[in-house]
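Peer 1: The sequence shown begins at 1 in UniProt numbering and counts up by one. Heads up, the beta-carbon is just placed ideally off N, CA and C, and yes, glycines get one too. In this text the structure is predicted, and so the values were computed from the model without any measurement. The structure's right below; bear with me while I get my questions together.
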Amino acid sequence: MTYGSCRCQPTCNNPQGNPCSYEECPEDETCICSDGFLRFRDECVLARAYGCFVAEIDIVIANNTSYVNADCSKKCTCLENQLSCNLDYDCSSDATCSVVDDIHQCYCNDGYAGDGETCKLIYTDCYDALQDGQINDGIYTVLPSGWPGTPFNVYCDMTTSGGGWTLFQRRIDGVTDFYRNWTSYKHGFGSLDHDKDFWLGNEQLYYLTNQRDYKLRIEITTPELSHEERTLFRIGAENTSYKVLDIGELISGSQVNGMLQTTLRPFSTFDMDNDRCEDINCAEGHRGGWWYSDLLDWCRNCYGGYCAHFQYSDQCHTRCTLGNLNGDWNGVSGDAIFWDNHPHYPVCWVKSAEMKIRPVL
């Protein structure tokens, strides 16, 4: 601070010192702030560090921050020590004026996303999107109830059997390797593009299937198209190894029962062997990740001549599952993609597959 003749000084409230009034200079000589500083009350503060003075609350806010008044009808933002106020600031009809983490402003209500002035409905699944008028197959963003992370993308089938199906598995091009570890199956892999393979992720599937009741639809091409639809499908959390908690009843399909043995079975991968087959790693043998059977007899019995035998074995000693939709695309035996449409006659070498869920209506 220097001593000088009267002039209009830059202040936090008036950084340019302009316009000038007599009241600001009541004496001929007074203390003034040096260049690069602003007067705040009886002190000089560094301009670039201090921000903007908000007179109505008598405080200074930092640069790149905002102040919103009590009823969220005005928002003032400080940029480069210049205070700019929006007097038309208003909360969306889907937002609330409140304080979160000590910041007062408009916040979108649960189930909506945006800046508070504009809020958009967040879909919890593809059926929500369908109900909102979305009729095209494709990638949509969803946020299931309770999901702890940010919204994520899913592929929605809006045409099959009424639409609103959320896909969690697709095999169509054989490019993506499904012989993956536990972490990969937990978080998902592949591409959601309409002509690509993917696994959505067991964690995502857990939150999806536990926010309400869902039915399951599985479609396979061999090369004829067939499907299996069941009344209910739900899996547990990771601490249950994503166990199938409910599988429901078969309600439509071409006498397909590939999911029959998955009830109460945990998910297995080659590095997380949760099957009950002694001395055999079913995920390793079938070259995929799946809810392999707990029927010990299945692990011992021979099904000579069918595709559910391990490729590397010279003995017919094991078959862990009725379905192996996450198997090897180019597999030639029990490691291939297969599905059972009869307890003893598996459909070998499935050409394509999709697994999808929709709320029970």
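#1: Please state whether the Cβ-Cβ distance between T222 and V350 is less than 7 Å.
#2: Going by alpha carbons, who is nearest to W165 out of A129, I220, D197?
#3: How is the beta strand (DSSP E) around H104 delimited, first residue to last?
#4: Have a look at N109 and Y89 and give me their C-alpha separation to the nearest angstrom.
#5: For L361, which of helix, strand or coil comes out of DSSP?
#6: Taking Cβ to Cβ, would you say C91 is nearer than 7 Å to K74?
#7: According to DSSP, what are the bridge partners of M355?
#8: Which value, in whole angstroms, describes the spacing of the CA atoms of Y140 and S352?
#9: Quick check on A95: buried or exposed, where buried means 16 or more other Cβ atoms within 10 Å of its Cβ?
#10: Confirm, please, whether the CB-CB distance from F338 to N324 is below 7 Å.
#11: Please return the same chain residues whose Cβ sits closer than 6 Å to the Cβ of L200, not counting the five positions on each side in sequence.
#12: Where are the beta strand (DSSP E) runs, 3 residues long or more, that stay fully inside the region 173-257, in chain order?
#13: For Q82, report the span of its beta strand (DSSP E) as first-last.
#14: If you drop the 5 nearest sequence neighbours on each side, which residues of the same chain put their C-beta closer than 6 Å to that of L361?
#15: Over the uninterrupted alpha helix (DSSP H) stretch that includes A283, give me the two end residues.
#16: Measure the CB-CB distance between Y123 and V142 and report whether it falls below 7 Å.
#17: Let me know if K120 comes out buried or exposed under the rule of 16 or more other beta-carbons within 10 Å of its beta-carbon.
#18: Please determine if the region 232-250 and the region 265-278 are in contact, where contact requires at least 3 C-beta pairs separated by less than 8 Å.
#19: Would you tell me roughly how many angstroms separate the C-alpha atoms of Y206 and F270, rounded to the nearest one?
#20: If you follow the beta strand (DSSP E) that L79 is in, where does it begin and where does it stop?
Peer 2: Taking the structure as given:
#1: On the sequence shown, position 222 is the one that residue 222 refers to. On the sequence shown, position 350 is the one that residue 350 refers to. With a cutoff of 7 Å on beta-carbon distance, T222 and V350 are scored as near each other.
#2: As a position in the sequence shown, residue 165 is number 165, starting the count at 1. Comparing Cα positions, the closest option is A129.
#3: As a working mapping, residue 104 is identified with position 104 in the sequence shown. Where H104 is concerned, the enclosing beta strand (DSSP E) stretches over 103-108.
#4: Counting from one through the sequence shown, the residue named residue 109 turns up at place 109. Counting from one through the sequence shown, the residue named residue 89 turns up at place 89. For N109 and Y89, the distance between alpha carbons rounds to 17 Å.
#5: On the sequence shown, position 361 is the one that residue 361 refers to. Residue state, collapsed to three classes: coil.
#6: On the sequence shown, residue 91 is found 91 positions in, with the first residue counted as 1. On the sequence shown, residue 74 is found 74 positions in, with the first residue counted as 1. The criterion of a C-beta distance shorter than 7 Å is not satisfied by C91 and K74.
#7: Along the sequence shown, one-based indexing puts residue 355 at 355. When DSSP reads this structure, M355 sits in a beta bridge with Q169, I218.
#8: The sequence position of residue 140 within the sequence shown is 140, counting from 1. The sequence position of residue 352 within the sequence shown is 352, counting from 1. Distance between the alpha carbons of Y140 and S352 is about 22 Å.
#9: Counting from one through the sequence shown, the residue named residue 95 turns up at place 95. Label assigned to A95: buried.
#10: By one-based count along the sequence shown, residue 324 stands at place 324. By one-based count along the sequence shown, residue 338 stands at place 338. A distance below 7 Å separates the beta carbons of N324 and F338.
#11: The residue labelled residue 200 in the question sits at position 200 within the sequence shown. Excluding residues within five positions, the ones whose Cβ falls inside 6 Å are F168, G188.
#12: Within the region 173-257, the complete beta strand (DSSP E) runs of at least 3 residues are 214-221, 225-230, 244-246, 250-253.
#13: As a first step, residue 82 must be located in the sequence shown, where it is residue number 82. First-last of the beta strand (DSSP E) with Q82: 82-86.
#14: For the purposes of this step, residue 361 is taken as the residue at position 361 of the sequence shown. Around L361: no qualifying Cβ.
#15: Mapped onto the sequence shown, residue 283 falls at position 283. Element bounds for A283: 282-286.
#16: What you label residue 123 is simply residue 123 of the sequence shown in a count that begins at 1. What you label residue 142 is simply residue 142 of the sequence shown in a count that begins at 1. Yes, the pair counts as a contact, with Cβ atoms nearer than the cut-off.
#17: The residue given as residue 120 occupies position 120 in the sequence shown. Residue burial is scored here from C-beta neighbours: K120 has fewer than 16 other C-beta atoms within 10 angstroms and is therefore classed as exposed.
#18: Result yes; three or more Cβ-Cβ pairs closer than 8 Å.
#19: Along the sequence shown, read from residue 1 onward, the residue named residue 206 stands at position 206. Along the sequence shown, read from residue 1 onward, the residue named residue 270 stands at position 270. Distance between the alpha carbons of Y206 and F270: 21 Å.
#20: To locate residue 79, count along the sequence shown from 1; it is residue 79. Per DSSP, L79 belongs to the beta strand (DSSP E) from 75-79.
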